[in-house]
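To start, the structure under review is shown below, and the notes come after it.
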Amino acid sequence: MGDLVVQTDYPSTSIETELTRYLNEQSVKYNKDFDILLWWKQNACRYPIVSRMAKDILGLQISTVVSEAVFSTSGRILDAYRTNLSANIVEALVCTQDWVRKSRKQIVDNIDEILKDNEVAKALEEAIKNGDAKGKQRINILE
Numbered sequence: 001m002g003d004l005v006v007q008t009d010y011p012s013t014s015i016e017t018e019l020t021r022y023l024n025e026q027s028v029k030y031n032k033d034f035d036i037l038l039w040w041k042q043n044a045c046r047y048p049i050v051s052r053m054a055k056d057i058l059g060l061q062i063s064t065v066v067s068e069a070v071f072s073t074s075g076r077i078l079d080a081y082r083t084n085l086s087a088n089i090v091e092a093l094v095c096t097q098d099w100v101r102k103s104r105k106q107i108v109d110n111i112d113e114i115l116k117d118n119e120v121a122k123a124l125e126e127a128i129k130n131g132d133a134k135g136k137q138r139i140n141i142l143e
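As structure tokens, this is what we get:
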């Protein structure tokens, strides 16, 4: 079995690490169409270890939220009375708050439709309260 193992001794001074080789390579000129993930895919055989690290790092989604903003928002949600909220509920509250802020203009633009829907809902509630068991009362909601 020892015959199958080939061991080569290289002097430690002549071995250049992948990282050193990568860092000493000439930089790529800036191009707005440059695809960094494609570059690492094409050069993975030259830098197998560094390319795996690059794919792990470059595969992360970039956050556009400033850290301070996240912590200040959580401070408004988590106070002394609400510290028992689960992480999922806190996440839902933060996301909902963000969605409402972003869609506020759209809500104002559609206020007439929202008010009409509210009137329909109130008419239905009133009909349910006042109607007989068989639901014979008619509602004129499309005035």
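Residue numbers (the UniProt record's numbering): 1 to 143.
For glycine and all other residues, C-beta sits at the position ideal for the given N, C-alpha and C.
>> Buried or exposed, going by whether 16 or more other CB atoms sit within 10 Å of the CB of SER51?
In response: buried
>> If contacts are defined as beta-carbon pairs under 8 Å, then LEU37 and LEU58 qualify, I think. What distance do you get, rounded to the angstrom?
In response: 6 Å
> In three-state DSSP terms, what is ALA127?
Replying inline: helix
> Taking Cβ to Cβ, would you say TYR47 is nearer than 7 Å to TYR30?
Replying inline: no
> Which of the three DSSP states, helix, strand or coil, is assigned to GLN26?
Replying inline: coil
>> What would DSSP say about residue 144, mapped onto helix, strand or coil?
In response: The question about residue 144 has no answer, for the chain in this structure spans 1 to 143.
> If we ignore side chains and look at the alpha-carbon of each, how far apart do THR96 and ILE128 end up?
Replying inline: The straight-line gap from Cα to Cα measures roughly 31 Å.
>> Using the three-state DSSP reduction, which class does ARG46 fall into: helix, strand or coil?
In response: coil
> Are GLU91 and ILE49 close, meaning C-beta to C-beta below 7 Å?
Replying inline: no
>> Helix, strand or coil, according to DSSP, for ASP33 in the structure here?
In response: coil
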